[in-house]
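So the structure is just underneath, and the comments pick up after that.
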Amino acid sequence: AAESSQVEATPPGSKAAYETLEVSTKDNITKIVLNRPKVKNAISTKMYDEIVEALEEAAKDDSVITVFTGNGDYYCSGNDLNNFTNLPANGLEEMAKNSADMLKDFVDHFIDFPKPLIAVVNGPAVGIAVTLLGLFDVVYATDRATFHTPFSKLGQSPEGCSSYTFPKIMGVSKATEMLLFNKKLTAAEACSQGLVTEVFPDQVFQKEVWARLKAYGSLPKNSLALSKQLMRSMEKEKLHEVNSQECECLKGRWLSDECMNAIMSFFQKSKL
Amino acid sequence: AAESSQVEATPPGSKAAYETLEVSTKDNITKIVLNRPKVKNAISTKMYDEIVEALEEAAKDDSVITVFTGNGDYYCSGNDLNNFTNLPANGLEEMAKNSADMLKDFVDHFIDFPKPLIAVVNGPAVGIAVTLLGLFDVVYATDRATFHTPFSKLGQSPEGCSSYTFPKIMGVSKATEMLLFNKKLTAAEACSQGLVTEVFPDQVFQKEVWARLKAYGSLPKNSLALSKQLMRSMEKEKLHEVNSQECECLKGRWLSDECMNAIMSFFQKSKL
Amino acid sequence: AAESSQVEATPPGSKAAYETLEVSTKDNITKIVLNRPKVKNAISTKMYDEIVEALEEAAKDDSVITVFTGNGDYYCSGNDLNNFTNLPANGLEEMAKNSADMLKDFVDHFIDFPKPLIAVVNGPAVGIAVTLLGLFDVVYATDRATFHTPFSKLGQSPEGCSSYTFPKIMGVSKATEMLLFNKKLTAAEACSQGLVTEVFPDQVFQKEVWARLKAYGSLPKNSLALSKQLMRSMEKEKLHEVNSQECECLKGRWLSDECMNAIMSFFQKSKL
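Shown next as structure tokens:
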């Protein structure tokens, strides 16, 4: 997908030109930066596609670990609700089907990613940017980060395998408060519940985390990849099954009155 | 099961007349109150049956969430040991079989309950009142609550799917101390181990919890029910299998010398 | 395996004479002491065999619970790397196959152990001595204890079912930092992550723990054994499958350049 006309424009170590991402490799680390800071790194349809592409490239390159982070104040504000406004010719049903197919493929790439995958959560995270963290191997967060999954407020249901990974990580009683009842966690809460590996003061966040990641990048590559695959292999089949069920459920949700009313209300408020 | 002669006697919003429960619906919340405060809400055979009936009604009514709580100082002191003193005609073996069948059906109703199920733990909880919490979606507790499962002291073994849910929630090393070695947890401990979602000071417990529940009751009903079912569906089959195994194990325990000696000793002490 | 010529030399209550262990039964507790304090209780090939034998005996004896602990300052420094220096006639491949077979059988004995199994972690624990803790039912630790699994530093991969039990106990984000990125935990960290049941100040560690264990030893034997088996039965098949996969992965690792270079470097450093 590299466009040759762009090659000169990209900084040293950077990969194919992306519209919505900045991707580069250094110190055995492939770094994927969500790069739509003006909209808090909301994930547009284009960004979904480009993340899939970046994951496929990172899986094959020489790097030892792969890191996700966000550009600007936010880590990621989740699914861009504008994705719901471009109705295809056949209307809502086709949009729901297309969106579910895209989401399933997107999440499958996280389930199958063969190397250690690390999130550097540089600010607030919302929706699918939170649920996907359950599929990362390590999650470092600034103390400015928050974790919010307001699915039921939008008449929706959990994705990113969170209906399985969150109860496993934090127990069903804490997972339900997040996934059904819209509780927003601080970084400290997310850490004590096991969703986040460690929290750092914002002033030293980037420095301390990248020093640590550089050390990880110097460890034996195959040992790390095989160990990660070992941990994942025990539940890979289950995760794919969960992903399918979640996308099927969401497809129904997107066609429901509860969801449509909530999304219309969202856009009406944002116009005021 | 509503008895028409009782309809006038029940308060507004209340359901069928129950002997051992108080059941009512308000603000989209069906509230099931364990109502044998003189015996610390111990679960008699009658109460087992009525809880099953109340769950079946709550599953079908218009409420969004269903809440369990206790009347008086205790949440629930667990299985009423007097259940073991009414021997049927065919003696111990039939009693063990009947009790295991009843317990299996009772727990199955919690596994299959289709809406968010919330426990408002207003005081100490013992035995099956504790183990069942692993099948609730959210557990709020007063700081006066304690959590105690003294199975081995009575020669028994864990039920309510706790042999599966507790290790999943808190790890095997903490679950074993509770389920095998009779450790009683404070509310704070139960919360830090993930069994309880959040603990509240007793003075503000009812006020703060019910404000929160009222807000939950106003969320989109289908979104919540489908999200809960999604989370449960991943392990529903496993939970039914665990329930069967636990009841089979208990049936054997109830006929064992270890158990009979412990229960006889309990009644001898309580007569002094 | 008892050698009759040794019977007189062993203290009262002690079992068959072991070279690398001290095994005795008292107060319904069978105590297995790792007894190579000069090498920090590193597990030699001989010790692997003797632990298997001691577990088989403890499974059959009259004790109610079985306890592991270490002699001296360390609990156990893990696999004795000298195990890798005695090459059999057919060289590396045969050594890797023999080691994987031995490890699989060793871990299988922990998976299948039928009584409550308790670790009294009297000091630092390393490698397989840490990973196996996920198969214990209760883990008590002195505040001097640390928990370290530097697999990737040696080009290796996790064993003892830790690739399954650690994510289950502490969530994948904390498990990965230990198992892939060599993070050493303090006793307090291991406890807050659920790997350790409770931590005690070193001065009172032995006294408080053994008082508690003595109380456990007086509980109904069958109730405890059946309750433990109930908890284990839900995942026994899975654990055996995980153990097989981990040993297969390690067999490949032991023949890899990454691992051989790391082990040679270890011995060169230790000669300086």
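First to last, the sequence lines map onto chains L, E and W.
Under our numbering, the letters of the first sequence match residues -17 to 254, in that order.
Under our numbering, the letters of the second sequence match residues -17 to 254, in that order.
Under our numbering, the letters of the third sequence match residues -17 to 254, in that order.
We put the beta carbon where it would ideally sit given N, CA and C, even for glycine.
Option nearest residue i by Cα separation, candidates the options
{"i": "E/G105", "options": "E/S59, E/P140, E/Y30 and E/L162", "result": "E/S59"}
{"i": "E/D44", "options": "E/S144, E/A107 and E/P98", "result": "E/P98"}
{"i": "E/C241", "options": "E/V112, E/V46, E/L136 and E/T67", "result": "E/L136"}
{"i": "E/F248", "options": "E/F118, E/V21, E/N64 and E/L37", "result": "E/N64"}
{"i": "E/D55", "options": "E/A24, E/S209, E/E141 and E/E228", "result": "E/A24"}
{"i": "L/L85", "options": "L/A101, L/T113, L/P96 and L/G73", "result": "L/T113"}
{"i": "L/E228", "options": "E/M213, E/G234 and E/F88", "result": "E/M213"}
{"i": "E/H91", "options": "E/S209, E/L37, E/V21 and E/A101", "result": "E/L37"}
{"i": "L/S226", "options": "L/L162, L/G176, L/P140 and L/P96", "result": "L/P140"}
{"i": "W/L208", "options": "E/V34, E/R18, E/L162 and E/A107", "result": "E/L162"}
{"i": "L/K156", "options": "E/S155, E/K218, E/N10 and E/I151", "result": "E/I151"}
{"i": "E/P101", "options": "E/Y146, E/G73, E/I47 and E/F66", "result": "Checking the sequence shown, residue 101 of chain E turns out to be Ala, not Pro. Answer by Cα proximity: E/I47."}
{"i": "E/D94", "options": "E/K20, E/P149, E/A40 and E/A172", "result": "E/A40"}
{"i": "L/V34", "options": "L/L16, L/K20, L/V21 and L/V224", "result": "L/L16"}
{"i": "L/E190", "options": "L/Y122, L/E219 and L/T128", "result": "L/Y122"}
{"i": "W/C231", "options": "L/D125, L/L206, L/L232 and L/R235", "result": "L/L206"}
{"i": "E/N256", "options": "E/K42, E/P96 and E/R18", "result": "Residue 256 of chain E cannot be examined here, being either before or after the span of chain E that is shown, -17 to 254."}
{"i": "W/A111", "options": "W/K42, W/L177 and W/E219", "result": "W/L177"}
{"i": "E/N68", "options": "E/S26, E/V103 and E/P96", "result": "E/S26"}
Test: residue i CB closer than 9 Å to a CB of chain W
{"i": "E/T158", "result": "yes"}
{"i": "E/Y146", "result": "yes"}
{"i": "L/V121", "result": "yes"}
{"i": "E/K220", "result": "yes"}
{"i": "E/C241", "result": "yes"}
{"i": "L/K255", "result": "This structure gives no information on residue 255 of chain L, because the portion of chain L shown stretches from -17 to 254."}
{"i": "L/S26", "result": "no"}
{"i": "L/K210", "result": "yes"}
{"i": "L/N204", "result": "yes"}
{"i": "E/F133", "result": "yes"}
{"i": "E/A278", "result": "The shown model of chain E, from -17 to 254, leaves out residue 278 of chain E, and the question about it has no answer."}
{"i": "E/E228", "result": "yes"}
Beta carbon proximity, residue i to chain E, threshold 9 Å
{"i": "W/D269", "result": "This structure cannot speak to residue 269 of chain W, because chain W is shown only from -17 to 254."}
{"i": "W/F118", "result": "yes"}
{"i": "W/E180", "result": "yes"}
For residue i: DSSP bridge partner residues
{"i": "W/I25", "result": "W/N61"}
{"i": "E/V5", "result": "E/I14"}
{"i": "E/A82", "result": "Answer by DSSP bridge pairing: none, since E/A82 is not bridged."}
{"i": "W/F182", "result": "W/T124"}
Nearest-angstrom Cα separation, counted from residue j out to residue i
{"i": "E/I245", "j": "E/F50", "result": "28 Å"}
{"i": "E/L3", "j": "E/K28", "result": "10 Å"}
{"i": "L/A170", "j": "W/P202", "result": "42 Å"}
{"i": "W/S6", "j": "L/T179", "result": "41 Å"}
{"i": "W/S339", "j": "W/E76", "result": "Here chain W comprises residues numbered -17 to 254, so residue 339 of chain W is not present and cannot be evaluated."}
{"i": "E/F187", "j": "E/D31", "result": "29 Å"}
{"i": "E/P291", "j": "E/K251", "result": "Chain E is shown only over -17 to 254; residue 291 of chain E falls outside these bounds and no answer can be derived."}
{"i": "E/L167", "j": "W/G116", "result": "22 Å"}
{"i": "W/P183", "j": "E/N164", "result": "23 Å"}
{"i": "W/T158", "j": "W/S144", "result": "10 Å"}
{"i": "L/G52", "j": "L/G199", "result": "20 Å"}
{"i": "E/Y0", "j": "L/T147", "result": "39 Å"}
{"i": "L/E217", "j": "E/H222", "result": "21 Å"}
{"i": "L/N243", "j": "L/F88", "result": "26 Å"}
Residue i, enclosing alpha helix (DSSP H) - first and last residue
{"i": "W/A170", "result": "A169 to S174"}
{"i": "E/F148", "result": "S144 to M152"}
{"i": "W/G52", "result": "Here W/G52 belongs to no alpha helix (DSSP H); instead the beta strand (DSSP E) covers I47 to G52."}
{"i": "W/T131", "result": "Note, W/T131: premise wrong, no alpha helix (DSSP H); not H, not E."}
{"i": "W/N204", "result": "K203 to S215"}
{"i": "E/A111", "result": "I110 to T113"}
N-terminal and C-terminal residue of the beta strand (DSSP E) that residue i is part of
{"i": "E/N234", "result": "Note that residue 234 of chain E is Gly in the sequence shown, not Asn. Per DSSP, E/G234 belongs to no beta strand (DSSP E); it is in the alpha helix (DSSP H), K218 to W236."}
{"i": "W/L99", "result": "L99 to V103"}
{"i": "E/V120", "result": "V120 to T124"}
{"i": "L/T67", "result": "Where L/T67 is concerned, there is no enclosing beta strand (DSSP E), given that its DSSP letter is neither H nor E."}
{"i": "W/F187", "result": "Run containing W/F187: none in the beta strand (DSSP E); it sits in the alpha helix (DSSP H), F187 to G199."}
Chain L contact for residue i (CB, 9 Å cutoff)
{"i": "E/Y198", "result": "yes"}
{"i": "E/S155", "result": "no"}
{"i": "W/S81", "result": "no"}
{"i": "E/P183", "result": "no"}
{"i": "W/C231", "result": "yes"}
{"i": "W/L140", "result": "Looking at the sequence itself, residue 140 of chain W is Pro, so the reference to Leu does not match. It does; some Cβ of chain L falls within 9 Å."}
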